[in-house]
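Engineer:
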Amino acid sequence: GWDDGERNAPEIAARAEAAGATQVAVHGRTRCQFYTGRADWRAIAAVKAAVGVPVIANGDIADPASALAARGLSGADGIMVGRAARGRPWILGEIAAGLAGVEPPQPPVRAALIDMISEHYEAMLGFYGRDLGLRVARKHLGWYLDAVPGSGGLRRRVMASQDPGAVLRMLVGELDDLGAGEALAAA
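Each residue of the sequence shown is one higher than the last, beginning at 1296 in the numbering used here.
Printed below as a string of C-alpha coordinates:
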(Lines of atoms letter the chains of each structure in order from A and count residues from 1; the text may use other names and numbers.)
(Lines give C-alpha, C1' and ligand atoms only; values in the text may rest on other atoms or scores of the structure.)
Protein backbone atom coordinates (compact mmCIF):
# COMPACT_ATOMS: atom_id res chain seq x y z
CA GLY A 1 0.00 0.00 0.00
CA TRP A 2 0.83 3.65 0.06
CA ASP A 3 1.61 3.79 3.79
CA ASP A 4 0.95 1.86 7.00
CA GLY A 5 -2.62 3.17 7.09
CA GLU A 6 -3.35 1.94 3.59
CA ARG A 7 -2.07 -1.60 3.17
CA ASN A 8 -3.94 -2.93 0.17
CA ALA A 9 -1.63 -5.49 -1.43
CA PRO A 10 -4.07 -8.43 -1.09
CA GLU A 11 -6.82 -6.43 -2.80
CA ILE A 12 -4.53 -5.21 -5.58
CA ALA A 13 -3.17 -8.74 -6.14
CA ALA A 14 -6.71 -10.15 -6.33
CA ARG A 15 -7.61 -7.51 -8.91
CA ALA A 16 -4.50 -8.36 -10.91
CA GLU A 17 -5.41 -12.04 -10.82
CA ALA A 18 -8.98 -11.27 -11.91
CA ALA A 19 -7.56 -9.27 -14.82
CA GLY A 20 -5.51 -12.25 -15.98
CA ALA A 21 -2.19 -12.00 -14.11
CA THR A 22 -0.57 -15.40 -13.89
CA GLN A 23 1.64 -14.47 -10.93
CA VAL A 24 2.31 -11.47 -8.70
CA ALA A 25 5.49 -10.13 -7.13
CA VAL A 26 5.15 -8.28 -3.85
CA HIS A 27 7.71 -6.01 -2.25
CA GLY A 28 7.22 -6.11 1.49
CA ARG A 29 7.32 -2.34 2.00
CA THR A 30 4.85 0.48 1.56
CA ARG A 31 5.45 3.23 -0.97
CA CYS A 32 6.20 5.73 1.80
CA GLN A 33 8.92 3.53 3.28
CA PHE A 34 11.04 3.77 0.14
CA TYR A 35 14.24 1.92 1.13
CA THR A 36 13.92 2.44 4.88
CA GLY A 37 12.87 -0.03 7.53
CA ARG A 38 12.58 -3.72 6.90
CA ALA A 39 10.44 -5.57 4.38
CA ASP A 40 7.37 -7.13 6.01
CA TRP A 41 7.41 -10.69 4.71
CA ARG A 42 4.40 -11.61 6.88
CA ALA A 43 2.34 -9.05 4.94
CA ILE A 44 3.18 -10.98 1.78
CA ALA A 45 1.52 -14.01 3.39
CA ALA A 46 -1.79 -12.09 3.29
CA VAL A 47 -1.35 -11.69 -0.46
CA LYS A 48 -0.58 -15.40 -0.81
CA ALA A 49 -3.82 -16.20 1.05
CA ALA A 50 -5.84 -13.84 -1.18
CA VAL A 51 -4.87 -15.23 -4.60
CA GLY A 52 -4.54 -18.54 -6.38
CA VAL A 53 -1.63 -17.55 -8.61
CA PRO A 54 2.03 -17.90 -7.59
CA VAL A 55 3.30 -15.11 -5.33
CA ILE A 56 6.91 -13.94 -5.47
CA ALA A 57 8.34 -12.28 -2.34
CA ASN A 58 10.76 -9.37 -2.67
CA GLY A 59 12.48 -6.99 -0.29
CA ASP A 60 15.59 -7.32 1.90
CA ILE A 61 16.60 -10.64 0.36
CA ALA A 62 20.38 -10.42 0.35
CA ASP A 63 21.72 -13.86 1.24
CA PRO A 64 20.61 -17.46 1.73
CA ALA A 65 19.43 -16.86 5.31
CA SER A 66 17.20 -13.92 4.38
CA ALA A 67 15.84 -15.84 1.38
CA LEU A 68 14.87 -18.76 3.61
CA ALA A 69 13.30 -16.40 6.14
CA ALA A 70 11.36 -14.51 3.45
CA ARG A 71 10.06 -17.73 1.95
CA GLY A 72 9.15 -19.15 5.35
CA LEU A 73 7.39 -16.06 6.71
CA SER A 74 5.58 -15.20 3.50
CA GLY A 75 4.67 -18.66 2.25
CA ALA A 76 5.58 -17.31 -1.18
CA ASP A 77 6.10 -19.59 -4.14
CA GLY A 78 9.37 -17.90 -5.03
CA ILE A 79 11.66 -15.07 -4.10
CA MET A 80 13.07 -12.17 -6.10
CA VAL A 81 16.39 -10.50 -5.40
CA GLY A 82 16.83 -6.82 -6.15
CA ARG A 83 19.52 -4.43 -4.94
CA ALA A 84 21.53 -7.17 -3.22
CA ALA A 85 22.64 -8.47 -6.62
CA ARG A 86 24.05 -5.13 -7.76
CA GLY A 87 27.79 -5.54 -8.11
CA ARG A 88 27.68 -9.15 -6.94
CA PRO A 89 25.49 -11.18 -9.27
CA TRP A 90 26.96 -14.44 -7.94
CA ILE A 91 24.78 -13.94 -4.84
CA LEU A 92 21.94 -15.46 -6.87
CA GLY A 93 23.80 -18.78 -7.04
CA GLU A 94 24.53 -18.62 -3.32
CA ILE A 95 20.86 -17.96 -2.55
CA ALA A 96 19.69 -20.75 -4.87
CA ALA A 97 22.07 -23.16 -3.14
CA GLY A 98 20.82 -22.05 0.27
CA LEU A 99 17.20 -22.58 -0.75
CA ALA A 100 18.08 -26.02 -2.12
CA GLY A 101 20.03 -26.93 1.02
CA VAL A 102 23.29 -27.54 -0.81
CA GLU A 103 26.75 -26.09 -0.46
CA PRO A 104 26.94 -22.67 -2.17
CA PRO A 105 29.35 -22.10 -5.05
CA GLN A 106 32.43 -20.10 -4.26
CA PRO A 107 32.27 -16.49 -5.45
CA PRO A 108 34.62 -15.63 -8.30
CA VAL A 109 38.00 -14.23 -7.30
CA ARG A 110 40.94 -12.65 -9.06
CA ALA A 111 41.13 -13.64 -12.73
CA ALA A 112 37.67 -15.26 -12.77
CA LEU A 113 36.10 -12.14 -11.31
CA ILE A 114 37.93 -9.80 -13.65
CA ASP A 115 36.85 -12.00 -16.57
CA MET A 116 33.24 -11.91 -15.37
CA ILE A 117 33.22 -8.11 -15.02
CA SER A 118 34.89 -7.72 -18.42
CA GLU A 119 32.39 -10.08 -20.07
CA HIS A 120 29.48 -8.24 -18.45
CA TYR A 121 30.87 -4.93 -19.70
CA GLU A 122 31.41 -6.23 -23.24
CA ALA A 123 27.92 -7.78 -23.26
CA MET A 124 26.36 -4.42 -22.37
CA LEU A 125 28.30 -2.71 -25.14
CA GLY A 126 27.23 -5.40 -27.59
CA PHE A 127 23.59 -5.24 -26.57
CA TYR A 128 23.14 -1.47 -26.30
CA GLY A 129 25.78 -0.28 -28.76
CA ARG A 130 28.81 1.81 -27.95
CA ASP A 131 27.30 5.09 -26.75
CA LEU A 132 24.31 3.85 -24.78
CA GLY A 133 26.23 0.79 -23.63
CA LEU A 134 28.95 2.98 -22.16
CA ARG A 135 26.38 4.95 -20.15
CA VAL A 136 24.41 1.91 -19.00
CA ALA A 137 27.57 0.03 -18.04
CA ARG A 138 28.79 2.81 -15.75
CA LYS A 139 26.29 2.08 -13.01
CA HIS A 140 27.10 -1.63 -13.10
CA LEU A 141 30.85 -1.02 -13.04
CA GLY A 142 30.31 1.45 -10.20
CA TRP A 143 28.49 -1.21 -8.18
CA TYR A 144 31.34 -3.66 -8.70
CA LEU A 145 33.94 -1.07 -7.75
CA ASP A 146 32.07 0.20 -4.68
CA ALA A 147 33.12 -2.95 -2.82
CA VAL A 148 36.81 -2.63 -3.70
CA PRO A 149 38.87 -0.67 -1.15
CA GLY A 150 41.10 1.92 -2.77
CA SER A 151 39.25 1.90 -6.08
CA GLY A 152 38.10 5.53 -5.94
CA GLY A 153 40.61 6.72 -8.53
CA LEU A 154 39.85 3.83 -10.86
CA ARG A 155 36.12 4.42 -10.41
CA ARG A 156 36.46 8.11 -11.34
CA ARG A 157 38.51 7.31 -14.45
CA VAL A 158 36.13 4.54 -15.55
CA MET A 159 33.10 6.82 -15.09
CA ALA A 160 34.71 9.65 -17.05
CA SER A 161 36.10 7.64 -19.94
CA GLN A 162 34.39 7.78 -23.33
CA ASP A 163 36.58 5.00 -24.72
CA PRO A 164 35.27 1.45 -24.13
CA GLY A 165 38.67 -0.05 -24.88
CA ALA A 166 40.36 2.19 -22.33
CA VAL A 167 37.76 1.24 -19.70
CA LEU A 168 38.40 -2.45 -20.32
CA ARG A 169 42.17 -1.95 -20.12
CA MET A 170 41.78 -0.03 -16.84
CA LEU A 171 39.59 -2.75 -15.34
CA VAL A 172 41.84 -5.61 -16.38
CA GLY A 173 45.01 -3.75 -15.49
CA GLU A 174 44.04 -2.43 -12.07
CA LEU A 175 41.44 -4.66 -10.44
CA ASP A 176 43.87 -7.44 -9.64
CA ASP A 177 46.35 -4.96 -8.14
CA LEU A 178 43.61 -3.66 -5.83
CA GLY A 179 42.79 -7.13 -4.54
CA ALA A 180 39.36 -6.86 -6.10
CA GLY A 181 38.71 -10.57 -6.04
CA GLU A 182 38.85 -10.90 -2.29
CA ALA A 183 37.03 -7.62 -1.64
CA LEU A 184 34.14 -8.36 -3.98
CA ALA A 185 33.80 -11.97 -2.89
CA ALA A 186 33.49 -10.81 0.72
CA ALA A 187 30.96 -8.09 -0.10
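Idealized CB from N, CA, C, for every residue including glycine.
Please report the straight-line C-alpha distance between Ala1316 and Gln1328, rounded to a whole angstrom.
Structural biologist: Between Ala1316 and Gln1328, the C-alpha separation is close to 26 angstroms.
Engineer: Using 8 angstroms as the threshold, is the segment 1396–1403 in touch with the segment 1425–1432, meaning 3 or more CB pairs across them?
Structural biologist: No, the segment 1396–1403 does not touch the segment 1425–1432.
Engineer: Label Arg1464 either buried or exposed according to how many other C-beta atoms from any shown protein chain fall within 10 Å of its C-beta, with 16 as the threshold for buried.
Structural biologist: Exposed.
Engineer: In this structure, how does DSSP classify Ala1352 when only helix, strand and coil are distinguished?
Structural biologist: Three-state result, Ala1352: strand.
Engineer: Among residues of its own chain, excluding the 5 on either side of Ala1340, which ones have a beta-carbon nearer than 6 angstroms to its beta-carbon?
Structural biologist: Answer for Ala1340: Ser1369 and Gly1370, listed in chain order.
Engineer: When you compare only the Cα positions, how much space is there between Val1376 and Glu1469?
Structural biologist: Each residue's alpha carbon lies about 30 angstroms from the other.
Engineer: Using alpha carbons as the reference points, say which of Ala1334, Ile1386 and Lys1434 lies closest to Met1419.
Structural biologist: Comparing Cα positions, the closest option is Lys1434.
Engineer: Helix, strand or coil: which one does DSSP assign to Val1397?
Structural biologist: Three-state DSSP puts Val1397 in coil, outside helix and strand.
Engineer: Would you mind reading off the limits of the alpha helix (DSSP H) that contains Val1467?
Structural biologist: Segment Pro1459 to Glu1469, the alpha helix (DSSP H) holding Val1467.
Engineer: Between Ala1311 and Arg1324, is the Cβ-Cβ spacing less than 8 angstroms?
Structural biologist: No; because the gap between Cβ atoms is not below 8 angstroms, this pair is not in contact.
Engineer: In terms of residue numbering, what span does the beta strand (DSSP E) encompassing Gly1373 cover?
Structural biologist: From DSSP, the beta strand (DSSP E) with Gly1373 extends over Gly1373 to Met1375.
Engineer: Sort out for me which residues DSSP pairs Ala1320 with in a bridge.
Structural biologist: Answer is Ile1351, bridged to Ala1320.
Engineer: With a Cβ-Cβ cutoff of 8 angstroms, do Val1466 and Ile1412 count as a contact?
Structural biologist: The question names Val, but residue 1466 in the sequence shown is Leu. Their beta carbons are under 8 angstroms apart, which means Leu1466 touches Ile1412 by this criterion.
Engineer: Between the beta-carbon of Ala1344 and the beta-carbon of Leu1394, is there less than 8 angstroms?
Structural biologist: Not a contact, by the Cβ cut-off of 8 angstroms.
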